[in-house]
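Asker: Protein chains in written order, with the numbering used here: chain L, 77 to 293; chain H, 975 to 1195. The C-beta atom is built at its ideal place from N, Cα and C for all residues, glycine as well.
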Amino acid sequence: MNFAPVWASRWLLLDSFLTTLFLSAIAIVVGTFVGTLVSVLRALNIGVLNVILRIYVEVFRGTPLLMQLFFVYFGLPMLGIEVDKFWAAFSAISLYTGAYVAEVLRAGVEAVPKGQVEAATALGLSFGQRLWYVVRPQALRVALPPLVGVYVAIIKDTSLATVIGYNELMRRAMELVLQYGRPLEVLLTVGCLYFIICFPISKFSEWIERRLARNGA
Amino acid sequence: MFLDWGSITSFYGQLLHGAWLTLVITFSAFALAIAVGIVVAAGKMSAIAPLRWLASIYVEVLRNTPVLLQIFIVFYGLPSLGLRLSAVTAGILGLGLNVGAYLGEIFRAGVVAVPKGHREASAALAMSPMQTLVWVVAPVALRAIFPAFSNMFIATILGSSLLSVIAVPELTGRTNEISARTFLTIEVYSFSTVIYLALTLGSSLGLLLLGRWLFPRASRV
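1. Assign M77 of chain L to buried or exposed, taking buried as 16 or more other Cβ atoms, counted over all protein chains shown, within 10 Å of its Cβ.
2. For T996 of chain H and R137 of chain L, I'd like the C-alpha separation in whole angstroms.
3. Distance check for A1098 of chain H and P1053 of chain H, CA to CA, integer angstroms please.
4. Where does P221 of chain L land, buried or exposed, given buried means 16+ other C-beta within 10 angstroms?
5. If you pair each beta-carbon of the segment 280-292 of chain L with each one of the segment 216-233 of chain L, do three or more pairs fall below 8 angstroms?
6. Roughly how far, in whole angstroms, is the beta-carbon of P81 of chain L from the beta-carbon of R247 of chain L, given that I think they are within contact range, below 8 angstroms?
7. Considering just the uninterrupted stretch of the alpha helix (DSSP H) at S981 of chain H, what are its terminal residues?
8. Is A293 of chain L close to chain H? Criterion is C-beta to C-beta, closer than 8 angstroms.
9. Nearest by alpha-carbon distance to V177 of chain L: which of L:R130, L:M143, L:F275 is it?
10. Could you tell me the distance, in whole angstroms, from the CA atom of V159 of chain L to the CA atom of F150 of chain L?
11. Does DSSP classify N121 of chain L as helix, strand or coil?
12. Please tell me whether, using a cut-off of 7 angstroms, the distance from the CB of V1114 of chain H to the nearest non-hydrogen atom of the ligand MN is below it.
13. What are the start and end residues of the alpha helix (DSSP H) that includes G1091 of chain H?
14. Check the Cβ of I1047 of chain H against every Cβ in chain L and list those closer than 9 angstroms, keeping chain order.
15. Please classify Y1050 of chain H: does DSSP put it in a helix, a strand, or coil?
16. Pull up the CB-CB distance for I1131 of chain H and T983 of chain H, whole angstroms please, since I reckon it's below 8 angstroms.
17. Could you tell me whether any Cβ in chain H is nearer than 8 angstroms to the Cβ of F93 of chain L?
18. Which of the three DSSP states, helix, strand or coil, is assigned to L1069 of chain H?
19. With three or more C-beta pairs closer than 8 angstroms as the rule, is the segment 1031-1046 of chain H touching the segment 1088-1102 of chain H?
20. So, does the CB of E1034 of chain H fall closer than 8 angstroms to a CB anywhere in chain L?
21. Does chain L have any CB closer than 8 angstroms to the CB of V1111 of chain H?
22. So what does DSSP say about T95 of chain L, is it helix, strand or coil?
23. Would G992 of chain H pass as a contact of G1147 of chain H if the rule is Cβ separation under 8 angstroms?
24. Does the distance from the C-beta atom of I104 of chain L to that of I230 of chain L stay below 8 angstroms?
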């Protein structure tokens, strides 16, 4: 084991690590927005719209993220839409995140007993009021731990953006491997970088889950 | 738009061949993952503290780093320790070890979900620990974890696409290769998307039916 080349490249690695964090953060924010929008629209229960949203969620959850990245990066230009590496990675991962967030929120919404929504309707609460005051607090309780779990998965999955050449941590790692021919040292170092960001978030998710279980759902 | 759906018919054979390899990889990796999962779950519930720590470290490390990185470590990293594997073998090993960490946690959760009284009752009936595990704990635990278990199988199908990055010609790899060669990008990716959906949705349905058959409603707890 010789970590000297890795140490010599520490600023490059740190720079790419920040790129990974940046890509993860914006994909999580936008994906959460998309997923929330999808679950609110689903609650409206409009036939055609529900079918379209369902197809969106099933397609993005039922195919590999890798295919989605390739489709956006290589496919869209064929339709005359030019996308650079960043936009391809960002849009594909955000849409992918959105589908998983939508599914987690759906499970949360379904966990709210139907009678409560009916009772709220009988009390004259509007659709928005029912959603905000009755469904949201209870659904989030159920959905929060798995939601944080999805976020951890997304941070790890941004590593796939390397296949379209977006210069995040994984890409930089493979460049260093080619440059120095020290695969094990480079990959273990990069693994530590992913671990120090993902591990605390995973533990946080477990902590919320335990706390909510103790307080009673 | 100039989409040429007619031209991709000549690639159906290659793509279906890729899909077949995807299935082979998925089943091999999942079989490995089940074995790893059992060992990990046993380790996490062991009476020996160091074994518990080892199993916990394994689970945390594998679940909190990208699976692509794990596959790279097996494929590019292990040769420097003198272990050189083919791309398919390395990919199956990397994917299986990763899914195994998740399955380990799922198996453990299943065993924990079995009411304590069941084990006490088996002990009272003078069943051996092995008999208790096979006839009392396992059926109840498996029923509890079956949905999570099924999800991991779907995740393995999706994860197998990562082997394309180390040049394994499974479905994603074939699709990339045909797309680069013919520029029928939209057509060929659309077709493969449909195959993936058929594989994942088909497996979901199959596993749901398997679950209903294995654990009939009447005997559910």
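Answerer: Reading off the structure:
1. Working through the first sequence from its first residue, we reach residue 77 of chain L at position 1. Exposed, by the Cβ-count rule.
2. For the purposes of this step, residue 996 of chain H is taken as residue 22 along the second sequence, with counting starting at 1. For the purposes of this step, residue 137 of chain L is taken as residue 61 along the first sequence, with counting starting at 1. Distance between the alpha carbons of T996 of chain H and R137 of chain L is about 17 angstroms.
3. Translated into the one-based positions of the second sequence, residue 1053 of chain H becomes position 79. Translated into the one-based positions of the second sequence, residue 1098 of chain H becomes position 124. Computed Cα separation, rounded: 53 angstroms.
4. Here residue 221 of chain L refers to the residue found at position 145 of the first sequence. P221 of chain L should be labelled buried.
5. yes
6. Here residue 81 of chain L is taken as the residue at index 5 of the first sequence, counted from 1. Here residue 247 of chain L is taken as the residue at index 171 of the first sequence, counted from 1. 17 angstroms between Cβ atoms; not a contact.
7. Position 7 of the second sequence, counted from the start, is the residue given in the question as residue 981 of chain H. Here S981 of chain H belongs to no alpha helix (DSSP H), and DSSP marks it neither H nor E.
8. Walking along the first sequence from the start, residue 293 of chain L turns up at place 217. Since pLDDT at A293 of chain L reaches only 48, below the 50 mark, its modelled position is unreliable, and the value read off the structure follows with that caveat. No, A293 of chain L lies away from the interface with chain H (no Cβ there is under 8 angstroms from its Cβ).
9. By 1-based counting over the first sequence, the position of residue 177 of chain L is 101. That would be L:R130, whose Cα lies nearest to the Cα of V177 of chain L.
10. Residue 159 of chain L sits at position 83 when you count from the first residue of the first sequence. Residue 150 of chain L sits at position 74 when you count from the first residue of the first sequence. One C-alpha to the other measures close to 9 angstroms.
11. If you number the first sequence from 1, residue 121 of chain L lands on position 45. Coil, per DSSP.
12. You won't find the ligand MN in this model; it holds no ligand whatsoever.
13. Numbered from its first residue, the second sequence carries residue 1091 of chain H at position 117. Residues 1090-1098.
14. If you number the second sequence from 1, residue 1047 of chain H lands on position 73. P259, L260, L263, L264, G267, listed in chain order.
15. By one-based count along the second sequence, residue 1050 of chain H stands at place 76. Here Y1050 of chain H sits in helix by DSSP.
16. The residue labelled residue 1131 of chain H in the question sits at position 157 within the second sequence. The residue labelled residue 983 of chain H in the question sits at position 9 within the second sequence. Rounded, the Cβ-Cβ distance is 25 angstroms, inconsistent with contact.
17. In the first sequence, the residue the question calls residue 93 of chain L occupies position 17. Taking Cβ atoms only, chain H never reaches closer than 8 angstroms to F93 of chain L, which makes this a no.
18. Reading the second sequence from its first residue, position 95 is the one you call residue 1069 of chain H. Looking at L1069 of chain H - three-state DSSP - the assignment turns out to be helix.
19. no
20. Against the second sequence, residue 1034 of chain H aligns to sequence position 60. Output row for E1034 of chain H: interface = yes.
21. Position 137 of the second sequence holds residue 1111 of chain H. No - not a single Cβ of chain L is within 8 angstroms of the one on V1111 of chain H.
22. Against the first sequence, residue 95 of chain L aligns to sequence position 19. In the structure shown, T95 of chain L sits in a helix (DSSP, three-state: H, G or I).
23. In the second sequence, the residue the question calls residue 992 of chain H occupies position 18. In the second sequence, the residue the question calls residue 1147 of chain H occupies position 173. For G992 of chain H and G1147 of chain H, yes; Cβs fall inside 8 angstroms.
24. As a first step, residue 104 of chain L must be located in the first sequence, where it is residue number 28. As a first step, residue 230 of chain L must be located in the first sequence, where it is residue number 154. Contact: yes.
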